[in-house]
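Visitor: Before we start, here is the structure in question, set down as structure tokens.
Quick look at the structure:
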């Protein structure tokens, strides 16, 4: 297995023109379906959405405007930064999305923002954050980036993108965020004799494992008295994964999703065929990944597979940028 600490080089964002053709086609169909829903409700799509904000307070002012606006979908969008000269022919709108994304990221890195930097360096909602109106506006902002075909430079985690599409989260998502839990709790339980080996220490109930930061908790009603068996251990693992990925931020995730689904309702998202990886790439663009830099900053945990690892990096070097980003 490979664990990566990647520091990209060069330009780390590219435009929508380089989005994989399949994802771009799905996105075009998604927007057309959204317009149909909008019109079927007797509404007319406005010609232009206009924002005027102060650059130094752009994030807070913009989130208030986005949250208060009845509709943020229009044929076009223009932004004015107070006190700055310029006519928005597209550049100021790109500047605004870039500013919004960077401010969200900077606040997350400082520890006081609406989002938090996760162990895999992606972003997720800050647990227990009660600024729900602004969290909803962030969800709408993500939807606006898709609607207006703009790049929003934030790296959303796989869990958030999967939940946006109502795709089940999995052990692979947990592996990126809490590899120790996967190694010492989940993988042992999946072995043929894993349950009996674990129960040699103590009976395994539908309870989460206590950590330094949170006590043990029922994974379902009555979990404290429900014993894990071979028949229900997969249900137990599914609940365990969901608990560790979402429990402290369930309300925050729900609010962000509600804002996002206001722009693109869930039913048309599911019908679009977009994968969670394609959705993440459409939102954030493709990172320009240098294979040499990537390899130099990768720790290899597998021993005795030097030739296989060499083949892997040869494959990475030959990949198109789109496929490297998906990897």
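In the working numbering, the protein residues as written are 1289 to 1615. Heads up, the beta-carbon is just placed ideally off N, CA and C, and yes, glycines get one too. Everything numeric in this text was worked out from a predicted model, so none of it was measured.
Exposed or buried, which one is residue 1531 when buried takes at least 16 other CB atoms within 10 Å?
Guide: buried
Visitor: Does the segment 1391 to 1407 come close enough to the segment 1367 to 1376 that 3 or more CB-CB pairs lie under 8 Å?
Guide: no
Visitor: What residues match up with residue 1515 in a beta bridge as DSSP calls it?
Guide: 1493
Visitor: Buried or exposed: which applies to residue 1354, given that a residue is buried once 16 or more other Cβ atoms fall within 10 Å of its Cβ?
Guide: buried
Visitor: If you follow the alpha helix (DSSP H) that residue 1379 is part of, which residue opens it and which one closes it?
Guide: 1379 to 1398
Visitor: Could you pull the DSSP bridge partners for residue 1368 from this structure?
Guide: As DSSP reads the structure, residue 1368 sits in a beta bridge with 1340.
Visitor: Measure the C-alpha to C-alpha separation of residue 1435 and residue 1483 and round it to an integer number of angstroms.
Guide: 48 Å
Visitor: For residue 1511, I'd like the list of residues in its chain whose CB is within less than 7 Å of its CB, leaving aside the five on either flank, ordered along the chain.
Guide: 1493, 1494 and 1495
Visitor: Considering only C-alpha positions, which residue in the set 1368, 1537 and 1468 is nearest to residue 1337?
Guide: 1368
Visitor: Nearest-angstrom Cα distance between residue 1491 and residue 1485?
Guide: 10 Å
Visitor: By how many angstroms is the C-alpha of residue 1605 removed from the C-alpha of residue 1583?
Guide: 10 Å
Visitor: In terms of residues, what are the limits of the beta strand (DSSP E) holding residue 1413?
Guide: 1411 to 1413
Visitor: According to DSSP, is residue 1403 part of a helix, a strand, or is it coil?
Guide: strand
Visitor: Thinking C-beta only, is residue 1387 closer than 8 Å to residue 1366?
Guide: No Cβ-Cβ contact shorter than 8 Å links residue 1366 with residue 1387.
Visitor: Buried or exposed for residue 1333, please, with buried defined as at least 16 other CB atoms from any protein chain shown within 10 angstroms of its CB.
Guide: exposed
Visitor: Using the C-alpha atoms, what's the distance from residue 1364 back to residue 1522?
Guide: 48 Å
Visitor: Residue 1448 bridges to which residues according to DSSP?
Guide: According to DSSP, residue 1448 bridges with nothing at all.
Visitor: Who are the Cβ neighbours of residue 1347 in its own chain at under 8 Å, not counting the five residues just before and after it?
Guide: 1387, 1388, 1391, 1392 and 1395
Visitor: Please state whether DSSP places residue 1563 in a helix, a strand or coil.
Guide: coil
Visitor: For residue 1293, count the other beta carbons within 10 Å of its own beta carbon; 16 or more makes it buried, fewer makes it exposed. Which is it?
Guide: Model confidence at residue 1293 stands at a pLDDT of 28, short of 50, so the residue's coordinates are unreliable; what they give is reported in the following sentence. Result: exposed.
Visitor: Looking only at its own chain, which residues have a Cβ that is under 6 Å from the Cβ of residue 1418, when we skip the five neighbours before and after it?
Guide: none
Visitor: Am I right that residue 1551 and residue 1428 are in contact with their C-beta atoms under 8 Å? What's the rounded C-beta distance?
Guide: 6 Å
Visitor: When burial is assigned at 16 or more other CB atoms within 10 Å of the CB, is residue 1448 buried or exposed?
Guide: buried
Visitor: Considering only residues of the same chain and omitting the five flanking positions on each side of residue 1420, which have a CB-CB separation below 6 Å?
Guide: 1543
Visitor: In this structure, does DSSP put residue 1332 in helix, strand or coil?
Guide: coil
Visitor: Can you tell me which residues form a DSSP beta bridge with residue 1506?
Guide: 1495
Visitor: List the endpoints of the continuous alpha helix (DSSP H) containing residue 1548.
Guide: 1538 to 1551
Visitor: Mind the definition here: the segment 1446 to 1462 touches the segment 1558 to 1565 only if three or more C-beta pairs lie below 8 Å; say whether that holds.
Guide: yes
Visitor: Please list the terminal residues of the continuous alpha helix (DSSP H) segment that includes residue 1464.
Guide: 1459 to 1465
Visitor: At the level of alpha carbons, what is the spacing between residue 1438 and residue 1400?
Guide: 26 Å
Visitor: With distances taken Cα to Cα, identify the nearest neighbour of residue 1358 among 1310, 1424, 1345 and 1321.
Guide: 1424
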